Ligand code: TXA
Ligand code: MG
C-alpha cells in the first residue's frame, strides 16, 4: 500500500486538515508538519493507534513519545501541574506556547502507558504550526507524535524527507512545506530548587538556555531521562546518517584515509576557514552559505545531512559551529550523529 501526500497550503488547508483529523479519529497514523520537524501523529488516548507509530518507526517501546495539546484546556487531560512549580510552569507556558518547548510533567491516567513507555511522566507541548493546530482542534483530542523518521535516523523537515523514511508504512503525509525551526523542540523538566526554580534541559532545541534563564536556574542535563539508563539520549547513535560522520575539535586532527571520498558539512563555506582548505573534498555543503547565521543553519541541518548521506561518500566530516545559543542544539545533533 502506497503512501499519499496531500498539500495543506492556502486553499488546500481546510480539506487536508479534515482528512488528516478523520484518519486520526479512525485510529490511523498520519505524518504532519510542525514548526520543528515533521511528526508521526496518532490519537494520544488510543493505545492501538500509538502502537502503530512505534511499529512504523521501528522504534523500541522504551522510547516515549511527545504529546501535543491543541489548547491550554487540554493540558489537564494529559498532565498534572505540581503545585510547587506551578507559577514557573505557567510563566514558561505563557512565554513559549504555542511553540518549540516541551515539558516533562506527571501524567494522567488517560494517557496510555505505551505513550510514556511506562514512565509516570509525560512530555507535553503545544505546537505553533497552523496546520498541526488545525488538525488537533478538529480531532478534539491530544496528539502523540514523535519525529516522522525511522528510529535512530535523521529527522524529516519536509514531506519528501518523510516519504524517504516511511513510504509504504503510513497511509498519509500532510505537506505544508519546510519546517520553520528545523530542529526538535527543547525538552525541559522544572524543579523547585533551593533559592530559584531549576530548569533542567533534557534536550537542547530552538528555545535556548539564555531564553530560559529569565525563568530560573538552567541546568543542561547530560542524560535525558534520569531514571531510565537505556533511554534514547544515551544511545550512542541518534539522528544519524548511514554514512559515518566525523567531528574534530581541531582541523589538524583530520587524517584522511587515501582513496576514500570525504564530504564536508561546512558551517558557512567561508573561503578563509581552515576546514575548507583542509582537503580536496568530494562534496561541500554549507549550513548557512556565506552568511553564517545560526537560525538558517538549524533549519537546514537535517536537510544537508540527508543530501550528504545520499552523495555516495565514505565519510562526512562536520565542521563544528559555535556552541552558544541555537548553536548548542546544532552541536548536540551533530555530536549524536557522529560515529565516535
Ligand atoms: O519538536 C519535537 O519535539 C518533535 C515534534 C514532532 O513535536 N517531536 C520529537 O519527538 O522530537 P521524538 O519522539 O523524536 O523525541 C521525543 C523525545 C525522546 O527523546 C524521548 O526520550 C523524550 O522526548 N521524552 C518523551 N517522554 C519523555 C519523558 N516522560 N521524560 C523525558 N523525556 C521524554
Ligand atoms: Mg526523534
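Numbering (the UniProt record's numbering), first residue to last: 9 to 348. Glycine included, C-beta positions come from ideal geometry on N, C-alpha and C. Just so we're clear, the structure is a prediction, and the values are computed from it rather than from any experiment.
Would you tell me roughly how many angstroms separate the C-alpha atoms of residue i and residue j, rounded to the nearest one?
{"i": "residue 264", "j": "residue 137", "result": "43 Å"}
{"i": "residue 140", "j": "residue 91", "result": "30 Å"}
{"i": "residue 256", "j": "residue 29", "result": "46 Å"}
{"i": "residue 227", "j": "residue 108", "result": "18 Å"}
{"i": "residue 104", "j": "residue 219", "result": "10 Å"}
{"i": "residue 340", "j": "residue 153", "result": "21 Å"}
{"i": "residue 172", "j": "residue 287", "result": "31 Å"}
{"i": "residue 25", "j": "residue 345", "result": "33 Å"}
{"i": "residue 9", "j": "residue 197", "result": "40 Å"}
{"i": "residue 327", "j": "residue 52", "result": "39 Å"}
{"i": "residue 79", "j": "residue 274", "result": "40 Å"}
{"i": "residue 102", "j": "residue 19", "result": "31 Å"}
{"i": "residue 97", "j": "residue 199", "result": "10 Å"}
{"i": "residue 258", "j": "residue 284", "result": "13 Å"}
{"i": "residue 128", "j": "residue 277", "result": "46 Å"}
{"i": "residue 7", "j": "residue 321", "result": "What the structure shows of the chain is the stretch from 9 to 348, and residue 7 is not part of that stretch, so it cannot be assessed."}
{"i": "residue 86", "j": "residue 190", "result": "26 Å"}
{"i": "residue 324", "j": "residue 294", "result": "12 Å"}
{"i": "residue 115", "j": "residue 89", "result": "9 Å"}
{"i": "residue 151", "j": "residue 187", "result": "18 Å"}
{"i": "residue 83", "j": "residue 281", "result": "48 Å"}
{"i": "residue 121", "j": "residue 343", "result": "31 Å"}
{"i": "residue 253", "j": "residue 292", "result": "14 Å"}
{"i": "residue 11", "j": "residue 63", "result": "16 Å"}
{"i": "residue 302", "j": "residue 216", "result": "12 Å"}
{"i": "residue 67", "j": "residue 160", "result": "8 Å"}
{"i": "residue 100", "j": "residue 119", "result": "23 Å"}
{"i": "residue 95", "j": "residue 334", "result": "26 Å"}
{"i": "residue 93", "j": "residue 298", "result": "44 Å"}
Compute the distance between the beta-carbons of residue i and residue j, then report whether it is under 7 Å.
{"i": "residue 76", "j": "residue 133", "result": "yes"}
{"i": "residue 319", "j": "residue 267", "result": "no"}
{"i": "residue 290", "j": "residue 269", "result": "yes"}
{"i": "residue 296", "j": "residue 306", "result": "no"}
{"i": "residue 131", "j": "residue 74", "result": "yes"}
{"i": "residue 195", "j": "residue 110", "result": "yes"}
{"i": "residue 229", "j": "residue 210", "result": "yes"}
{"i": "residue 250", "j": "residue 224", "result": "no"}
{"i": "residue 15", "j": "residue 183", "result": "yes"}
{"i": "residue 31", "j": "residue 180", "result": "yes"}
{"i": "residue 123", "j": "residue 45", "result": "no"}
{"i": "residue 40", "j": "residue 50", "result": "no"}
{"i": "residue 178", "j": "residue 13", "result": "no"}
{"i": "residue 135", "j": "residue 106", "result": "yes"}
{"i": "residue 316", "j": "residue 338", "result": "no"}
Any idea if residue i is buried or exposed, counting beta-carbon neighbours within 10 angstroms, 16 or more meaning buried?
{"i": "residue 54", "result": "buried"}
{"i": "residue 235", "result": "Residue placement at residue 235 cannot be trusted, given a pLDDT of 41 that sits under 50; what the coordinates show is reported in the next sentence. By the 10 Å Cβ count, residue 235 comes out exposed."}
{"i": "residue 144", "result": "buried"}
{"i": "residue 330", "result": "exposed"}
{"i": "residue 42", "result": "buried"}
{"i": "residue 17", "result": "exposed"}
{"i": "residue 336", "result": "buried"}
{"i": "residue 248", "result": "buried"}
{"i": "residue 202", "result": "exposed"}
{"i": "residue 238", "result": "Confidence at residue 238 is low in this model, with a pLDDT of 45, below 50, so its placement is unreliable and the value that follows should be read with caution. It counts as exposed."}
{"i": "residue 279", "result": "exposed"}
{"i": "residue 166", "result": "buried"}
{"i": "residue 126", "result": "exposed"}
{"i": "residue 332", "result": "exposed"}
{"i": "residue 22", "result": "exposed"}
{"i": "residue 164", "result": "buried"}
{"i": "residue 35", "result": "exposed"}
{"i": "residue 261", "result": "exposed"}
{"i": "residue 142", "result": "buried"}
{"i": "residue 213", "result": "buried"}
{"i": "residue 175", "result": "exposed"}
{"i": "residue 155", "result": "buried"}
{"i": "residue 72", "result": "buried"}
Spell out the partners DSSP gives residue i in its beta bridges.
{"i": "residue 206", "result": "199, 225"}
{"i": "residue 215", "result": "DSSP output for residue 215 lists no bridge partner at all."}
{"i": "residue 325", "result": "254, 272"}
{"i": "residue 194", "result": "109"}
Hey, is residue i's beta-carbon within less than 7 Å of any beta-carbon in chain C?
{"i": "residue 305", "result": "Considering every chain present, this structure includes no chain C. It has just one protein chain."}
Unbroken stretches of the alpha helix (DSSP H), 4 residues or longer, contained in the segment 96-145 | 121-124
List in chain order: all unbroken beta strand (DSSP E) runs of 3+ residues lying wholly within the segment 230-317.
-> With a minimum length of 3 residues, the continuous beta strand (DSSP E) runs that stay inside the segment 230-317 are 253-255, 270-274, 291-294.
In chain order, which beta strand (DSSP E) runs of at least 3 residues are fully inside the segment 47-97?
-> 47-51, 74-76
Please list the segments of the alpha helix (DSSP H) lying wholly inside the segment 152-192, counting only runs of 4 or more residues, in order along the chain.
-> 167-174
Sequence ranges, beta strand (DSSP E) only - wholly within the segment 10-39, length at least 3 = Runs found: 12-15.
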